[in-house]
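Visitor:
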Amino acid sequence: MRMLNLKPIFIDHFQTLRTSSGNAEVISKGDVASLYLIPLIFAAIAVWRDWRMGGIGDLLTALSLMCGLLFNLLVLSFDVALRAAAQVRESQTETLATSGKILLIRQFQANTTYALVVALAATIGLAVGASKDVEHFNSWVTAALIYLLTHFVLVLMVILKRIRAIFRNELTP
6 MRMLNLKPIF IDHFQTLRTS SGNAEVISKG DVASLYLIPL IFAAIAVWRD WRMGGIGDLL
66 TALSLMCGLL FNLLVLSFDV ALRAAAQVRE SQTETLATSG KILLIRQFQA NTTYALVVAL
126 AATIGLAVGA SKDVEHFNSW VTAALIYLLT HFVLVLMVIL KRIRAIFRNE LTP
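Mind the numbering: the sequence shown is residues 6 to 178 in our numbering, read in order.
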């Protein structure tokens, strides 16, 4: 069962949710609240309002495409990381441990891998519903899927922030 151990993926992702506070780095309460409480609020509203998710096949198709794109993004990040590591090794001033570029790429990879796990969890839920030919999920399943999908979109925003930082870091003289 070692191959199904997702704990390192979750740990890596949470390590990216840090902010500097004085000389120490601490978990950013704002980031954690944004990523985990906002989806919880939407899920609670779904239960309260008795929402029932439909269009399962369309959602499954869209999320499956996103999973494929995330896999491609991971492969691309591996190539970028190899090139960045080669540049750092040639540098006289930086090491892999101190390079800001390497840190950003590691965070990007951690967030992308985590987003893929979240997307796969939602995809599995949608696939089960589609395989049972369900037209609408009940409000509790809808709430769980709303939580996962909202969380996924927010993690995608974090990934976009990392991509922007990597490009800015790369293109700044």
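C-beta atoms are modelled at their ideal positions from N, C-alpha and C, and glycine is treated no differently.
Please report how far the alpha carbon of residue 146 lies from the alpha carbon of residue 109, in whole angstroms.
Guide: Going by the C-alpha atoms only, they are around 35 angstroms apart.
Visitor: Cα separation between residue 80 and residue 135?
Guide: 29 angstroms
Visitor: With a threshold of 8 angstroms, are at least 3 pairs of Cβ atoms found where one atom belongs to the stretch 35 to 42 and the other to the stretch 74 to 90?
Guide: Short answer: they don't touch.
Visitor: With a Cβ-Cβ cutoff of 9 angstroms, do residue 121 and residue 150 count as a contact?
Guide: no
Visitor: Mind checking residue 160: buried by the 16 CB within 10 Å criterion, or exposed?
Guide: buried
Visitor: Short check: CB of residue 72 to CB of residue 124, under 9 angstroms?
Guide: The answer is yes: Cβ separation under 9 angstroms.
Visitor: Using a Cβ-Cβ cut-off of 7 angstroms (strictly less than) and excluding sequence neighbours within five positions of residue 155, which residues of its own chain qualify?
Guide: Answer for residue 155: 43, 44 and 47, listed in chain order.
Visitor: What does a CB cutoff of less than 8 angstroms around residue 89 pick up in its chain, not counting 5 residues either side in sequence?
Guide: Around residue 89: 104, 106, 107 and 110.
Visitor: Run through DSSP, which three-state label would residue 140 get?
Guide: coil
Visitor: Less than 9 angstroms separating the beta-carbons of residue 18 and residue 119?
Guide: yes
Visitor: If you measure between the beta carbons of residue 51 and residue 144, is that distance less than 9 angstroms?
Guide: yes
Visitor: Around the Cβ of residue 61, are there at least 16 other Cβ atoms within 10 angstroms (buried) or fewer (exposed)?
Guide: With 16 or more other Cβ atoms inside 10 Å of its own Cβ, residue 61 counts as buried.
Visitor: Output yes or no for whether 9 angstroms exceeds the beta carbon distance between residue 68 and residue 128.
Guide: Cβ distance < 9 angstroms, so residue 68 and residue 128 count as in contact.
Visitor: In the DSSP assignment, find the unbroken alpha helix (DSSP H) run with residue 8 in it and report its ends.
Guide: Looking at the DSSP string, residue 8 is not in any alpha helix (DSSP H), and its letter there is neither H nor E.
Visitor: Identify, in the order they occur along the chain, each residue of the same chain with its Cβ nearer than 8 angstroms to the Cβ of residue 30, setting aside the five sequence neighbours on each side.
Guide: 23 and 24
Visitor: Rounded to whole angstroms, what's the CA-CA distance from residue 63 to residue 91? Just pull it up for me.
Guide: About 43 angstroms.
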